[in-house]
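These notes are about the structure you will find just below.
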Amino acid sequence: EEQMSQVIRYVVVNENGCEIVESFLGFLQVFKKTGEAITEDILRSLSNHSIDLSYCRGQSYDNGANMAGKWKGVQARISSINSLARFIPCTAHSLNLVGLYAAKCSPELEKFFGIVQKLFNFFSSSTQRWDILKEHLKFSLKGYSTTRWSAKQRAVNSLYLQLGQVIHV
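Every position in the sequence shown, counted from 1, becomes a number in this note's numbering once 6 is added.
See below:
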């Protein structure tokens, strides 16, 4: 089951000037990951919150094809409804991709991350091995996503902090 967070940013104009406000609308359950289905989920949520899409002036998502795709992505579908809703790729996701591609330029880093993942796979593929490992660690080893640099950082940090215990097991 996937979830997507939905945050809106808007301008409040009052006698003191303008204030930019950011509000978390909630998590959307995402059952289908297509641009079409996610667009329908977003539009339904906006409607449920009585938010008129015609006032939208910007949209930002990760760089996945289902979100940022030029023809069938969410941004394209929202833009076809409201051409003033300009798409800006998520900066955090773009920076994450820079880290991923930079690491791929280094054979040593690729080998290192491969070892970290193989170690996780070795323990997590057997409940018996995983249980033995858990007895010796304060917190579990982490696997990582090939598309999330932050997940690689968590995986390396978990191993680094407990390397002695892992070697002992």
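In this text, a Cβ means the ideal position worked out from N, Cα and C, and glycines have one as well.
Just reading off the alpha helix (DSSP H) that residue i is part of, what are its end residues?
| i | result |
| --- | --- |
| residue 84 | 80 to 87 |
| residue 118 | 113 to 130 |
| residue 72 | 71 to 74 |
| residue 66 | Premise fails: residue 66 is in no alpha helix (DSSP H) and is neither H nor E. |
| residue 53 | 41 to 54 |
| residue 168 | It is not in any alpha helix (DSSP H) - residue 168 carries neither H nor E in the DSSP assignment. |
| residue 139 | 133 to 142 |
| residue 2 | The structure shown has nothing for residue 2, since the chain only spans 7 to 175. |
Please identify the residue among the options whose C-alpha is closest to the C-alpha of residue i.
| i | options | result |
| --- | --- | --- |
| residue 102 | 159, 60, 15 | 159 |
| residue 51 | 66, 140, 105, 30 | 30 |
| residue 9 | 112, 21, 34, 25 | 34 |
| residue 143 | 120, 124, 173, 128 | 173 |
| residue 91 | 58, 127, 133 | 58 |
| residue 135 | 150, 116, 175 | 175 |
| residue 13 | 23, 26, 32, 109 | 32 |
| residue 17 | 63, 170, 119 | 63 |
| residue 128 | 93, 170, 149 | 149 |
Within its chain, find whatever has a CB closer than 8 Å to the CB of residue i; leave out the 5 residues flanking it on each side and keep chain order.
| i | result |
| --- | --- |
| residue 95 | 66, 67, 68, 69, 74 |
| residue 110 | 116 |
Identify the continuous beta strand (DSSP E) that holds residue i and give its terminal residues.
| i | result |
| --- | --- |
| residue 27 | 23 to 36 |
| residue 12 | 8 to 20 |
Thinking residue i and residue j are a contact (beta carbons under 8 Å), I'd like their distance in whole angstroms, please.
| i | j | result |
| --- | --- | --- |
| residue 147 | residue 164 | 5 Å |
| residue 161 | residue 122 | 5 Å |
| residue 60 | residue 88 | 6 Å |
Take residue i and list the residues in its own chain whose beta-carbon comes closer than 7 Å to its own, dropping the five residues that flank it on each side.
| i | result |
| --- | --- |
| residue 138 | 175 |
| residue 71 | 79 |
| residue 55 | 31 |
| residue 45 | 80, 83, 84 |
Excluding sequence positions up to five away, which residues of its chain have a Cβ less than 6 Å from the Cβ of residue i?
| i | result |
| --- | --- |
| residue 15 | 28 |
| residue 171 | 142, 143 |
| residue 93 | 65, 81 |
*asked:* Check whether the segment 41 to 55 and the segment 75 to 84 touch, using three or more Cβ-Cβ pairs below 8 Å as the test.
replied: yes
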